[in-house]
Amino acid sequence: MKLELTHTNSFIGKESIQSYESTIASTYNTIYNKTGAGNDFLGWVNLPSEIDENFIADIEKTAYELRKKSEIFVVVGIGGSYLGARAVIEALQNHFASLTNEKPLIVYAGHNMSEDYLSELLAILEKKDYSMAVISKSGTTTEPAIAFRILKQHIIKKYGETEAASRIVAITDKAKGALKQLANVKGYKTYIVPDDVGGRFSVLTPVGLLPIAMAGIDIRALVKGAVEMEKACKNNPTLNGNIVSEYAVVRHLLYKAGKTNEIMVNYEPRLVYFSEWWKQLYGESHGKDHKGIFPASVTFSTDLHSMGQYIQDGLRNLFETVISVENSNHELRIPLENEDLDQLNYIAGKRISEVNHKAELGTMLAHVDGGVPVIRIVIPEVSAFVLGQLIYFFEMGCALSGYMLEVNPFDQPGVEAYKKNMFALLGKKGYEAQTEALNKRLGGDKR
Ligand code: PA5
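Per my numbering, the sequence shown starts with residue 874, numbered consecutively.
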């Protein structure tokens, strides 16, 4: 894995990357010595290398048992309790997984409150054998709680209490929260989310590893990749020769130069959910005190035909971070045609990936010319090992960037605002004072 910064240099202000040498060294100290804000949520720092054989074997065993009897596996969770798993699963499974006969198909619930979504899911589950994981660190989040209540009733009706209980795994806090109480009463297999690992940093805990193992993905390789990146940081907690530090410094300098929006770019649609995971990680960690880079994402070349115009010519507050994949998993060449009616013979014989790569290079230069700096992260392929490296790369990059921005990267106080209003509007006990004021502001919307 390589980081290329050639196309950012001319956009960075007077300060040089090198002037951040001591800042980076002291920020690593803050992280490793746990002296910064949110220091009780640094469990992810040593997590990969602390994962032991018994734990992995237990996850694999649970997945093996459930895979035998599941055509569908439902992952019930939201935010950090589902995005990491989905990022890895969608990156490594067949693009058309829902049309192959490979079992189980992983589907998601509890990440929205759409009546249509849940109704249509129930209709499918009616006809399929399934099992599920309900994942919520707090055990009290409304979206997954509603979905789980509905799915729980369905699975019990379908299989009876005992068999249903054997098809449900709860992943939650060791003691707190309604989900933990429920799991205890019902006797579900339970995995614990460590206290010191926040939701968006939890993909390498059972939160991510069980669903990923259910998809038949090699969780050992994933963890191995993360361990490698963890060690690379630990062995060289400096700026020089450490790509995580370089990424954190360059995005910080670009931000200071007015580039307040970072667009994660991929040229492989299998990485769409990796960008979603990254957006949550960076958005929720840094968007505080009226500060922080706004994380966005695009898939090229698809979005070159939609968002490409804005990126090339719109407001100049953007920079791109491109995940550049060197090798495809398949080989497919453009065929030669004698008639050449579509005039594509000039690229006949070339692999699609070569054309895609040229599109990537051409786009990068066009965007740089248009005033958009480009950071490139070059990975050899999309594999479990490389995804493990990338996960840790972005987690550590997030912590370094957050501390440089002088925010607590590990809390999310802003998330409460919508919840309070929603609870008040739903008439939850304890929110009476707000209900009337909110209804007044909403005027006639009584829906
Ligand atoms: O990163 C976070 O902490 C959040 O995004 C949570 O993951 C999300 O709100 C879901 O929380 P919980 O796992 O408690 O249901």
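No residue lacks a Cβ here, since even glycine has one placed at the ideal position from N, Cα and C.
Beta-carbon proximity check, residue i vs residue j, cutoff 9 Å
i	j	result
G1244	R1189	yes
L920	L1077	yes
S1170	I1250	no
V1096	I924	yes
V1288	S1158	no
L965	S1226	no
L915	F1283	yes
K1132	I1166	yes
D1046	L1052	yes
Q891	L1112	yes
Residue i, buried or exposed, once every other Cβ within 10 Å from all chains shown has been counted against 16
i	result
R1320	exposed
V961	buried
A1290	exposed
R1206	exposed
N1139	buried
M1102	buried
L814	Only positions 874 to 1320 of the chain appear in this structure, which leaves residue 814 out of reach.
N974	exposed
V1259	buried
Nearest neighbour of residue i, chosen from the options [CA to CA]
i	options	result
M1005	Y1146, V1117 and I1029	I1029
F884	L1298, P1246, A1306 and A1310	P1246
I1065	E1157, L1191 and S1009	S1009
F1406	A1048, E1034 and L991	It is not possible to answer for residue 1406, since the shown part of the chain is limited to 874 through 1320.
G983	S971, T1014 and A960	T1014
P1110	E894, E888 and Y1276	E894
N927	S1039, A1018 and P1079	P1079
T1172	Y1155, N1202, D1068 and I1136	I1136
G1303	K1293, W1150 and I890	K1293
beta-carbon residue i near the ligand PA5 non-hydrogen atom, thresh 8 Å
i	result
K941	no
Q1153	yes
K1161	no
Q1285	yes
G923	For the sequence presented, residue 923 should be read as Glu rather than Gly. Not under cutoff, so the answer is no.
R1073	yes
Unbroken alpha helix (DSSP H) run spanning residue i, endpoints
i	result
R1124	I1116 to K1129
Y905	E894 to Y905
Y1265	A1257 to M1277
P1168	P1168 -> not in any alpha helix (DSSP H); beta strand (DSSP E) instead, spanning F1167 to T1172.
K1025	T1015 to Y1032
Extent of the continuous beta strand (DSSP E) to which residue i belongs
i	result
T1194	L1191 to V1198
M1137	N1134 to N1139
R1249	V1247 to I1252
Y1219	Per DSSP, Y1219 belongs to no beta strand (DSSP E) and is neither H nor E.
M1005	Y1003 to S1009
E877	K875 to E877
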